[in-house]
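Okay, so here's the structure we're looking at.
2 protein chains.
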Amino acid sequence: MASASRWHAVAQVLAALLRRPDATRAEIARELGLTSGFATELTARMRELRLITEVRAPVHGRGRPTTVLAPHPEGPVVLAVELRHADYAVSVATVDGRLHGTRRRPHRQRRPEAVVQALRRTVGRARDRYGHRLRAVSIAVAATVHDGRVVQASTLGWGEVDLTAVLQDPPAGVRDLAFLVGNDATLAGVAEARTGAATGAGTALHLIVEVGIGGCLTVDGFPLTGAHGAAGEYGHLPFGSRGRRCPCGARGCWDLDVDGRALARHLGEPSPADPYGYAVEVLRRAADDVRARRAVGAVARALAGGIAGLVNVHDPGVVTLGGLGPAIRLGAAEAFARAYADGLIAYRRVAPPPVVDAAHAEWGPLRGAAIVGLDRALGEEFLGAWAAR
Amino acid sequence: MASASRWHAVAQVLAALLRRPDATRAEIARELGLTSGFATELTARMRELRLITEVRAPVHGRGRPTTVLAPHPEGPVVLAVELRHADYAVSVATVDGRLHGTRRRPHRQRRPEAVVQALRRTVGRARDRYGHRLRAVSIAVAATVHDGRVVQASTLGWGEVDLTAVLQDPPAGVRDLAFLVGNDATLAGVAEARTGAATGAGTALHLIVEVGIGGCLTVDGFPLTGAHGAAGEYGHLPFGSRGRRCPCGARGCWDLDVDGRALARHLGEPSPADPYGYAVEVLRRAADDVRARRAVGAVARALAGGIAGLVNVHDPGVVTLGGLGPAIRLGAAEAFARAYADGLIAYRRVAPPPVVDAAHAEWGPLRGAAIVGLDRALGEEFLGAWAAR
DNA sequence: ATGATTATCCTCGTGACACGAGCATAATCC
DNA sequence: GGATTATGCTCGTGTCACGAGGATAATCAT
Chain A
1 MASASRWHAV AQVLAALLRR PDATRAEIAR ELGLTSGFAT ELTARMRELR
51 LITEVRAPVH GRGRPTTVLA PHPEGPVVLA VELRHADYAV SVATVDGRLH
101 GTRRRPHRQR RPEAVVQALR RTVGRARDRY GHRLRAVSIA VAATVHDGRV
151 VQASTLGWGE VDLTAVLQDP PAGVRDLAFL VGNDATLAGV AEARTGAATG
201 AGTALHLIVE VGIGGCLTVD GFPLTGAHGA AGEYGHLPFG SRGRRCPCGA
251 RGCWDLDVDG RALARHLGEP SPADPYGYAV EVLRRAADDV RARRAVGAVA
301 RALAGGIAGL VNVHDPGVVT LGGLGPAIRL GAAEAFARAY ADGLIAYRRV
351 APPPVVDAAH AEWGPLRGAA IVGLDRALGE EFLGAWAAR
Chain B
1 MASASRWHAV AQVLAALLRR PDATRAEIAR ELGLTSGFAT ELTARMRELR
51 LITEVRAPVH GRGRPTTVLA PHPEGPVVLA VELRHADYAV SVATVDGRLH
101 GTRRRPHRQR RPEAVVQALR RTVGRARDRY GHRLRAVSIA VAATVHDGRV
151 VQASTLGWGE VDLTAVLQDP PAGVRDLAFL VGNDATLAGV AEARTGAATG
201 AGTALHLIVE VGIGGCLTVD GFPLTGAHGA AGEYGHLPFG SRGRRCPCGA
251 RGCWDLDVDG RALARHLGEP SPADPYGYAV EVLRRAADDV RARRAVGAVA
301 RALAGGIAGL VNVHDPGVVT LGGLGPAIRL GAAEAFARAY ADGLIAYRRV
351 APPPVVDAAH AEWGPLRGAA IVGLDRALGE EFLGAWAAR
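So the protein lines, in turn, are chains A and B. Each residue of the first sequence is one higher than the one before, counting from 1 in UniProt numbering. Each residue of the second sequence is one higher than the one before, counting from 1 in UniProt numbering.
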């Protein structure tokens with residue numbers, strides 16, 4: 001309990017605003033079932049708290065004009081970060097979910113210490129600029145994350161890395177600065193579920209093919225993170241041939257059947273050093289090279305068959321496909337469709353969930369990081385700290 | 001909103017009581033962080049509402065004695081039903097989650113109409129006896145459930161069956177009688193997560209081997225039901241050999257590698273008409289029959305390998321094993337353990353989630369049905385209707 | 001232009017919810 | 001039998017949210 005309801009209404013309004021930016025006060029009141037009187041009081045309180053401002057809304061028909069809810073110029077912000085193989089992206093998110101000042105920069109060095117150092121400076125600048133307005137630092141990283149720590153990042157060539165070092169500060173000042181670390185595919189799934197191709201889907205499955213395959217199951221826009229936040233390693237389901245050993249240590253991992261390594265195998269070529277780039281190359285060639293096309297077909301079947309199995313298990317309303325997924329499917333549309341239908345339990349074939357391309361492309365993880373950061377920063381517990389600042 | 005907080009505290013107390021029956025008022029107040037004053041007021045209100053009674057608690061040390069919260073003798077109840085191949089079970093659950101008058105009866109006939117008819121009478125008797133006290137009818141059924149309807153029940157020999165017919169009543173009277181239908185394995189998973197071997201686990205995976213394999217992933221005691229309530233068909237993940245066609249229409253389903261049919265295949269015998277009974281028989285023989293033991297070993301490996309893959313994906317805190325699962329593991333403990341470890345991503349081998357036997361055995365589904373029924377009946381929305389009766 | 005219509009905003013009275021402080025009560029411990 | 005401890009009870013206070021009724025600002029119709 002502990003004044004559970006204290007920030008409930010405020011948090012609801014902020015969540016609604018995050019779902020669709022530029023909502024008007026009247027729209028939100030309708031959506032949440034607020035009386036106009038309460039809406040008045042609530043928005044006034046939120047203005048007072050420097051959470052939002054209200055500006056006159058463009059008029060659409062009869063009736064007294066309402067206002068659009070917008071982020072307060074001195075309102076809370078979240079620093080979203082994405083960490084990839086060759087570069088990192090940074091952005092500042094406001095309460096409406098919009099990203100500001102987004103930029104991507106190559107790593108100067110890829111050593112963990114150097115990257116952490118660069119991020120530490122970035123965070124430091126953000127704290128200098130935003131002060132107490134900065135409520136959360138949320139990092140999406142192309143790595144396995146376990147209990148908030150990176151345990152392995154093969155594309156980055158990292159082992160265990162503790163990213164909390166990017167905060168550096170005396171713990172006292174960090175009391176109300178949340179720090180979140182999440183897997184990039186997981187966060188891309190969140191982005192799809194909230195503002196992408198799976199918006200409104202209830203249960204949605206997002207899968208992303210890069211080197212191997214990662215993903216995320218979301219329920220009402222929230223990711224299943226598991227006991228240690230390490231859920232989503234879809235590539236290590238044993239959908240493949242038992243005979244193949246995966247670098248992860250297990251056998252028959254799906255990973256090995258759906259990416260550049262699989263394409264090389266089908267083409268009788270040696271396993272590529274850069275499976276992603278190799279896959280892009282083969283996919284391009286497939287347009288007029290029969291052998292490449294055939295290899296893509298085999299991979300498309302492996303991909304679709306696995307997706308069908310996951311649909312059997314999770315019963316998602318929609319499946320979104322990121323990374324190389326759309327290209328693989330496009331390169332062998334018929335094979336993909338047939339393998340998908342073939343892998344479904346008979347009765348699911350009547351109305352199988354659509355498999356659609358992801359909407360956010362390469363910005364999914366960054367956007368997802370922003371969203372979960374805002375979820376935290378605008379949650380009921382954290383609003384108390386904001387008001388007390 | 002709509003008076004969102006109105007029943008919040010009451011629902012919290014009831015949820016706490018469901019988590020551990022016989023909790024004292026003081027314990028619950030501590031757990032929920034209530035002040036003693038508010039606890040007094042709240043319990044008084046709940047007594048008034050005929051939700052609970054309070055009886056003097058046995059004294060354990062110094063201090064003023066407190067009271068134990070118990071179901072009110074005229075309080076709400078839920079009718080829980082389990083529907084299986086050969087029989088059905090019925091029980092009445094009170095707000096503390098206890099089951100009363102539990103009994104199991106063989107079907108007189110297995111035709112859907114006959115079973116529905118029998119259940120309709122059972123529900124009718126319960127309504128006569130409990131009147132408005134009956135708040136929900138919650139059915140666990142050994143079948144695929146889609147949008148609240150049975151679409152397929154191979155063990156029962158049913159196709160599509162609409163179980164809402166067990167209610168029969170004029171819709172007017174049913175306004176505040178909830179009707180829930182769920183898959184038996186899903187509900188067994190709920191029971192394990194709430195009051196069984198996975199209590200307190202956050203994310204937990206329950207798997208049950210009977211004919212094929214079903215299961216459920218729970219998060220904080222709530223099952224992932226998917227977009228249509230049809231999640232949990234773990235047996236139809238393509239973990240097996242692509243060459244084997246499953247009766248479900250897909251290929252390589254895990255189902256075919258972990259039950260009596262798999263044992264028969266390994267023993268070179270024809271596929272059994274009753275895979276469950278056949279498996280029980282083989283498992284018994286395995287004690288002194290080397291060939292049977294070897295077959296069990298193969299099945300144990302297939303089971304453990306699949307579980308490892310699912311652990312990779314879902315990152316559960318614990319895996320619970322029901323049905324024939326414990327016996328299969330016991331019959332080939334070493335093979336199981338090795339295959340489990342082998343199938344995990346390397347870093348997960350450091351502290352893999354324990355795989356434990358389910359606690360509820362054959363009563364899991366019934367108990368799970370009771371729990372989800374109570375969740376509904378004691379939820380914030382439904383309490384309003386109870387107070388207004 | 002002017003009134004009708006419509007949608008929204010604002011004010012105010014009311015009641016429920018929950019906290020906190022202080023006191024009362026009932027057990028054990030010494 | 002008093003000290004200690006844990007809990008229950010009473011009461012004053014502040015916050016939350018509803019509902020009714022009136023005010024306001026736009027479009028629509030004539």
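Positions of the beta carbon are idealized from the N, C-alpha and C atoms, including for glycine.
- Below 8 Å, enough C-beta pairs join the stretch 207-223 of chain A and the stretch 181-193 of chain A to call them touching: three or more.
- With respect to chain A, the C-beta atom of B:S91 has no partner C-beta closer than 9 Å.
- For A:S36, the enclosing alpha helix (DSSP H) begins and ends at S36 to E48.
- Counting of Cβ neighbours within 10 angstroms places A:H314 among the buried residues, the total reaching 16 or more.
- Secondary structure note for A:Q152: its beta strand (DSSP E) is the uninterrupted segment R149 to Q152.
- Sequence-distant Cβ neighbours of B:H360 in its own chain, meaning closer than 7 Å and more than five residues away, are A188, A191, E192, G196 and R367.
- Residue environment for B:R56: exposed (fewer than 16 other C-beta atoms within 10 angstroms of its C-beta).
- Within the stretch 168-231 of chain B, the complete beta strand (DSSP E) segments of 3 residues or longer fall at 178-183, 203-210 and 212-219, listed in chain order.
- Put simply, the CB of B:Y347 is near chain A, with a gap under 9 Å to one of its CB atoms.
- Counted as a single uninterrupted DSSP element, the beta strand (DSSP E) harbouring B:Y88 occupies residues D87 to A93.
- Looking at the DSSP output, A:H146 sits in a beta bridge with A:R149.
- Contact annotation: the stretch 133-147 of chain B touches the stretch 373-384 of chain B, with at least three C-beta pairs closer than 8 Å.
- In the DSSP assignment, B:H100 falls within the unbroken beta strand (DSSP E) covering L99 to P106.
- The Cβ atoms of A:A16 and A:E31 lie closer than 9 Å to each other.
- Judged by their CB atoms, B:G306 and A:A250 are not nearer to each other than the 9 Å cut-off.
- Within the UniProt domain "HTH marR-type" (10-62) of chain B, Q12, L32, G33, L34 and F38 place their CB atoms closer than 8 Å to a CB of chain A, listed in sequence order.
- A Cβ of chain A is located within less than 9 Å of the beta carbon of B:Y234.
- In the structure shown, A:A114 falls within a helical segment according to DSSP collapsed to helix, strand and coil.
- Nearest to A:A351 by alpha-carbon distance, out of B:V95, B:P71 and B:D147, is B:D147.
- Within the stretch 318-347 of chain B, complete alpha helix (DSSP H) segments of at least 4 residues are found at 325-331 and 333-343, given in chain order.
- One Cα belongs to B:A89, the other to A:C253, and the distance between them is close to 41 Å.
- Three or more beta-carbon pairs separated by less than 8 Å link the stretch 9-25 of chain A to the stretch 66-86 of chain A, which places the two stretches in contact.
- Buried is the label assigned to B:A286, since at least 16 other Cβ atoms lie within 10 Å of its Cβ.
- In the structure shown, A:W363 adopts helical secondary structure according to DSSP, grouped into three states.
- For B:P71, DSSP records a beta bridge to B:I52.
- With a 10 Å radius around the Cβ and a threshold of 16 neighbouring Cβ atoms, A:G232 comes out buried.
- Secondary structure of A:L79 (DSSP, three-state): strand.
- Secondary structure note for A:V355: its beta strand (DSSP E) is the uninterrupted segment V355 to D357.
- Residues of the same chain with a CB within less than 8 Å of the CB of A:E54, apart from the 5 flanking positions on each side, are R25, T43, R47, T67, V68, L69 and A70 in chain order.
- For B:A9, the uninterrupted alpha helix (DSSP H) segment begins and ends at H8 to R19.
- Within the stretch 288-309 of chain A, those residues whose Cβ lies closer than 8 Å to any Cβ of chain B are, in chain order, G305, G306, A308 and G309.
- Within 10 angstroms of the beta-carbon of B:H228 lie 16 or more other beta-carbons, which makes it buried.
- A:T24 carries a strand assignment under DSSP once its states are collapsed to helix, strand and coil.
- For B:G101, the closest alpha carbon among the candidates B:R293, B:A118 and B:T122 is that of B:T122.
- In the three-state scheme derived from DSSP, where H, G and I count as helix and E and B as strand, A:L134 is classed as strand.
- Taking every protein chain shown into account, the CB of A:G277 has fewer than 16 other CB atoms within 10 angstroms, so this residue is exposed.
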